[in-house]
Structures are given as structure tokens and as C-alpha cells.
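Line by line, the protein sequences are chains A and B.
Be aware that the first sequence starts at 1, since it is given in my numbering, and climbs by one per residue.
Be aware that the second sequence starts at 271, since it is given in my numbering, and climbs by one per residue.
See below for the structure under consideration.
2 protein chains.
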Amino acid sequence: MRKVAVCAPATPLKREYAEAVAKLAASEFPGITLDFHEQCFIEEGHFAGPDEVRLDALFECANAPDVDAVWFAKGGYGSNRIARDFIGKAGPQAAGKTYLGYSDCGTLLGALYRAKIGRAVHAPMPVDIKRDGGDEAIRRVLGWFGNGKTGLEPGLSGKPVAAFNLYTLGMLVGTQLMPPLDGHEILIEEVGEYEYAIDRLVFHIVEHLHDVAGIRLGEVSAVPENDRPFGAEPEEIVRYWCERYGIPYLGRAAIGHSSANRIVPFGLEA
Amino acid sequence: MRKVAVCAPATPLKREYAEAVAKLAASEFPGITLDFHEQCFIEEGHFAGPDEVRLDALFECANAPDVDAVWFAKGGYGSNRIARDFIGKAGPQAAGKTYLGYSDCGTLLGALYRAKIGRAVHAPMPVDIKRDGGDEAIRRVLGWFGNGKTGLEPGLSGKPVAAFNLYTLGMLVGTQLMPPLDGHEILIEEVGEYEYAIDRLVFHIVEHLHDVAGIRLGEVSAVPENDRPFGAEPEEIVRYWCERYGIPYLGRAAIGHSSANRIVPFGLEA
Numbered sequence: 001m002r003k004v005a006v007c008a009p010a011t012p013l014k015r016e017y018a019e020a021v022a023k024l025a026a027s028e029f030p031g032i033t034l035d036f037h038e039q040c041f042i043e044e045g046h047f048a049g050p051d052e053v054r055l056d057a058l059f060e061c062a063n064a065p066d067v068d069a070v071w072f073a074k075g076g077y078g079s080n081r082i083a084r085d086f087i088g089k090a091g092p093q094a095a096g097k098t099y100l101g102y103s104d105c106g107t108l109l110g111a112l113y114r115a116k117i118g119r120a121v122h123a124p125m126p127v128d129i130k131r132d133g134g135d136e137a138i139r140r141v142l143g144w145f146g147n148g149k150t151g152l153e154p155g156l157s158g159k160p161v162a163a164f165n166l167y168t169l170g171m172l173v174g175t176q177l178m179p180p181l182d183g184h185e186i187l188i189e190e191v192g193e194y195e196y197a198i199d200r201l202v203f204h205i206v207e208h209l210h211d212v213a214g215i216r217l218g219e220v221s222a223v224p225e226n227d228r229p230f231g232a233e234p235e236e237i238v239r240y241w242c243e244r245y246g247i248p249y250l251g252r253a254a255i256g257h258s259s260a261n262r263i264v265p266f267g268l269e270a
Numbered sequence: 271m272r273k274v275a276v277c278a279p280a281t282p283l284k285r286e287y288a289e290a291v292a293k294l295a296a297s298e299f300p301g302i303t304l305d306f307h308e309q310c311f312i313e314e315g316h317f318a319g320p321d322e323v324r325l326d327a328l329f330e331c332a333n334a335p336d337v338d339a340v341w342f343a344k345g346g347y348g349s350n351r352i353a354r355d356f357i358g359k360a361g362p363q364a365a366g367k368t369y370l371g372y373s374d375c376g377t378l379l380g381a382l383y384r385a386k387i388g389r390a391v392h393a394p395m396p397v398d399i400k401r402d403g404g405d406e407a408i409r410r411v412l413g414w415f416g417n418g419k420t421g422l423e424p425g426l427s428g429k430p431v432a433a434f435n436l437y438t439l440g441m442l443v444g445t446q447l448m449p450p451l452d453g454h455e456i457l458i459e460e461v462g463e464y465e466y467a468i469d470r471l472v473f474h475i476v477e478h479l480h481d482v483a484g485i486r487l488g489e490v491s492a493v494p495e496n497d498r499p500f501g502a503e504p505e506e507i508v509r510y511w512c513e514r515y516g517i518p519y520l521g522r523a524a525i526g527h528s529s530a531n532r533i534v535p536f537g538l539e540a
């Protein structure tokens, strides 16, 4: 992986984060060229520009013949609004690339995986440089660009796998963008949701996920305090629904909204 | 409708609200007997008792031969955890009854409607007596018990209809509990969700709702303030997704998390 193009299918990236990532890459990974599309920095309401602008930037990155990987800058919500059009019109150049991100951008990863376009990879994003230890998250991805081996989620077992933010997966299931995940280990993580909302979302996904190989649970962080205790921790919640639906619960996963978030290439890692 | 049994499939009701509703009913609607099941007042973590306790109370109310209607006391989250077992084991007595509620209890209404068990009716619940004008919401339901005609949502057009909290519907679509809603007008309302979350949920439901007659939007209340403006109001959001998916947007609906919440019998009102 030599040339990496960055665009923002959901919400905008602060320029200072792009600059910090570019600086780190230039000083430590001289073999990699990072190209931040100007669209990353556009702000329009919630989004990094209107749908058409985000879609155009994604096309530019995906269709550029000299780009090896498209790295999503940030999640936050919005990639579902452009995913269908992107998949429908992606050119032949798009098929040879690797696409990286997580959180809301899991919608695009799922859609790419379903359409068998390129290679979908759950991975930290440029915005993660702002976190405690964020430099390490960025190095993990840049290192993986170089060798395709380091920084991987340690529990990858040889079964096909996919990793998602729970809420993002909840909004993806049953849609035209949802990939078939029979036989896959599903890794999920969540941030900022009440336990009752986690319970509700896990109900929804286990209703949809038939014949998966199992579920592993990543970090569940920043759970807000409700007016009363829910009565079960996130891991108990996932165990409960897995048991009810006959889905193997396979333990914890090293993914989440933190700098410890590891890399998970969708499907069968070569 | 003479005898109405109240249970709480999700979260507990405060006894003072039950007492206030009982008092109002006794003084103004002497022909109606209201029976609050003690399970309404159980608190265990988030729920009005463990799943089995809530399920048992629901069975007792639904299977009682002298009960005409089962009125859900309160939403809040949890009825999805018992809906499948209830539907699977509901006795013949359950089929002759009317079931009323909204919000989280929309899961049960949807499941009953799918299973063609009894009559599912979106309506205010006993907990609504706590609201400004809550007495009127309670009178609306008690009056409807008496005559089956007043208090109805004013836009009911003669097309089959169903009404849901948006998030509840979002978690219901594609599940074993989801009724077929082809040809139906779908009324949705929401409370306490960010606009970006509303956008995400509407995406999810329009992906699932094929061949509905259209969508009407009820109240969208208590939208939290985000760190930046979303850029579209809830009605614009619903119009946007309806237009993208070729679903008629049919205007506003008089439902919501307020005392103005009107009654919507699912299906074709006789």
C-alpha cells in the first residue's frame, strides 16, 4: 500500500487532526503518501458537505488509478445516505482498493463487502489521533498499510469475520446494503448508548443474524447513567440474547471507540 | 368494553398514577371496571419485574374470560423481550380482546397484529396521567372503551393503518414480530432522539417498509440539542426519505408522547 486517499463520507474532520496524522505519517512512514481530500473539512449542518459532495469525493478517491486505499476520516453518521449510490456507480478502479474505517462508516464497509467491491477493513480512522494514545492507533493503520500483518485484532481465528458498531449494524440489517454474514464471526462494539438501548439493539441484530458463527463483544464505552440501573452489564446482555437465539457467544474483542481499536479485515484474511 | 385489565410489559408504573386513573374512571366512567395487576408496580432493575413475571401478568390479563381489554400501563422498553413467548402461547381467550398502548408497547401491538390475535390499538396509557392535560388523555381512552368512536386520530382515511414510535418500529422491522404493512398508512412519532438519529431510523424503516400506502408524522418532541445543527427538521427528514424511496408522505398525525396523543386502531377501523 503506497498511496492512501482520505475522504469523509459522514461528518467533517478538523484540519488540525489531518495535519497531525500527515506529520506522523511523513516522519515515520516515508513509503506511504497520504492525501486528504479537501472535502474532509467541509461543514454543512451535521455533514462533511451535502450528500452529492461527499459522494463525489468518495468517487474521486475510489476511482483514482494510482490510489491503493481509501481511508475514511471520521464517522459520526451519514455514510448510509451515499452508500447505495456509491455501490451502484463505483467504477472498475474501485474494485482493486482497500477501504478502511469503522463506526458509522461500517455502513460503507458492509455495503462494499456485500457488493464484493475491493476489501473492507474495520480500522482506526484519522480522527482517532485526538484520543489518548491516538498516535498508536494511527501508527497501527499506517503500519498495516506497510505490511498487511500487524495491528490485527488478536482473536481472528481463521473464520470469516466482520466488525461493526452495534447501532450501525442495527440500522444496516435487512437493508439493501447488508452483506450476507452466514458463517461469520461478528464483532460488535458500542459507545454512548444506555444499557436498555444496547439490549434493544442486540435484540434487533440477533433477530436478523441467522447462521452466523458467533458474536464477540468489543468495548462498550461511555454508557450514560440512566435514572435507574438496568440490571445487566453489556456482556450479560449479549450473552442473554445469544443464548436465546442459539448464537455462540465467543467472548471479548479488541475493537471499540478508543485508541486500542484493532484492525479487522472483513471476510477471510489471506 | 366493560372490564379492562392493566399490566406493564415493559417498565413499572407508579402507584399514585394508577390511583389517579382509577379515581378518574370511577367518578366519570362508572360502566367501566379498571383492574390494575399488581405486577404493574414491581421494580426490578429497568423492568416491571423479570421477563417471566411480566409475561405471566400479561397472560393472566389476556386469558381472563371476563376481561374485554388489556391496557398497557407504560412503555419505556422491554415488551420485545416477552412478545414472542406471549404470541406463541396466547390462549383462545386472548383472541377476543382489545390491546391498547403505544411507545415501547408498540412491539406487542405489532406482534398481535401480525398474529391476528385480538385487536391492536395505539392509545394513551395510564402513565400519561402525569402529563400536562393527562386527564384528557385518560378520558379519551375511557371514552373510547365506552363508545369505540371518539378520540380517534382525525386523519384516519379508511385505509388500513398502524401507528408506532419510530425507534420501536425501527427495532421491529425484519423481526419475527413484524406485521406485514403493505397498503397501510404508517403513523410514526418520536421523543428524545437527536435529529441525526431520527434520520438514521427513518432510513432503516423505509428500507424495510415496502409497498406501504404512505407515512404520516406525529409529534417529534424533546429533541436534544446536538453540538451542531443537523440542517433539517424532522418533517424535512421524513419527506427526504419518503421521496428517495417513492413512499407517499401524507402529512402530520395527531400522535406522540403528549396528552394530545390520539387513538389509532390498527388495520381497518370498522
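Glycine residues also receive a C-beta, built at the ideal position from the N, C-alpha and C atoms.
- When the five nearest sequence neighbours on each side are left out, the beta carbons in the same chain lying within less than 7 Å of the beta carbon of A:Q39 are those of C7, A8, A48, G49, V53, R54, A57, in order along the chain.
- By the criterion of a C-beta distance shorter than 8 Å, A:T150 is surrounded in its chain by R140, G143, W144, once the five residues flanking it on both sides are discounted.
- Just measuring C-alpha positions, the residue of A:G267, A:P248, A:D199, A:H204 sitting nearest B:H316 is A:D199.
- Taking C-beta separations shorter than 7 Å and ignoring five residues to either side along the sequence, the partners of B:A385 in its chain run I357, following chain order.
- For a Cβ distance threshold of 7 Å, residue set G174 of chain A lies close to B:V443, ordered along the chain.
- A:I247 is positioned such that its CB atom lies no closer than 7 Å to that of A:G218.
- Membership of B:A296 in the alpha helix (DSSP H) is indicated by the continuous run 285-298.
- Within the region 408-461 of chain B, complete alpha helix (DSSP H) segments of at least 4 residues are found at 436-442, given in chain order.
- Counting along the chain, B:F306 sits inside the beta strand (DSSP E) bounded by residues 303-306.
- Non-local beta-carbon contacts of B:I312 in its own chain, meaning distances under 7 Å to residues more than five positions away in sequence, involve P282, A318, G319, V323 in chain order.
- Contact annotation for A:F203 against chain B: N350, R351, M441, T445 [CB-CB distance below 9 Å, chain order].
- Beta-bridge pairing by DSSP links B:R389 to B:T368.
- Using a Cβ-Cβ cut-off of 8 Å, B:G501 is close to E44, G45, H46, F47 of chain A, given in chain order.
- In the same chain as A:Y245, and ignoring 5 residues on each side of it, the C-beta atoms closer than 6 Å to its own belong to V206, in chain order.
- For B:K273, the enclosing beta strand (DSSP E) has its first and last residue at 273-277.
- When C-beta atoms of the region 380-400 of chain B are compared with those of the region 434-447 of chain B, three or more pairs fall below 8 Å, so the two segments count as touching.
- Residue-level contact by beta carbon holds for B:Y347 and chain A, with a gap shorter than 7 Å.
- Legend: CB atoms of the region 211-229 of chain A lying less than 8 Å from CB atoms of chain B belong to residues N226, R228, P229.
- The C-beta of B:E477 comes closer than 7 Å to at least one C-beta of chain A.
- The Cβ of B:Y466 sits closer than 7 Å to at least one Cβ of chain A.
- Ranking A:G170, A:A95, A:A197, A:Y17 by CA distance to the CA of A:L187 puts A:G170 first.
- For A:A90, the CB contacts under 7 Å within the same chain, skipping 5 residues up- and downstream, are A62, I117 in chain order.
- A distance of 7 Å or more separates the beta carbons of A:G110 and A:A10.
- Listed in chain order, the positions of the region 520-535 of chain B with a beta carbon within less than 9 Å of a beta carbon of chain A would be empty, since no residue qualifies.
- A straight-line Cα-Cα distance of about 6 Å links B:P449 and B:Y383.
- Using a CB distance cut-off of 7 Å, A:R54 does not count as an interface residue toward chain B.
- Taking 7 Å as the CB threshold, B:R470 lines the interface with chain A.
- Between the region 295-306 of chain B and the region 222-242 of chain A there are fewer than three inter-stretch CB-CB distances shorter than 8 Å, so the stretches are not counted as touching.
- Here B:D398 is buried, its C-beta having at least 16 other C-beta atoms within 10 Å.
- The continuous alpha helix (DSSP H) containing B:R351 extends over residues 350-359.
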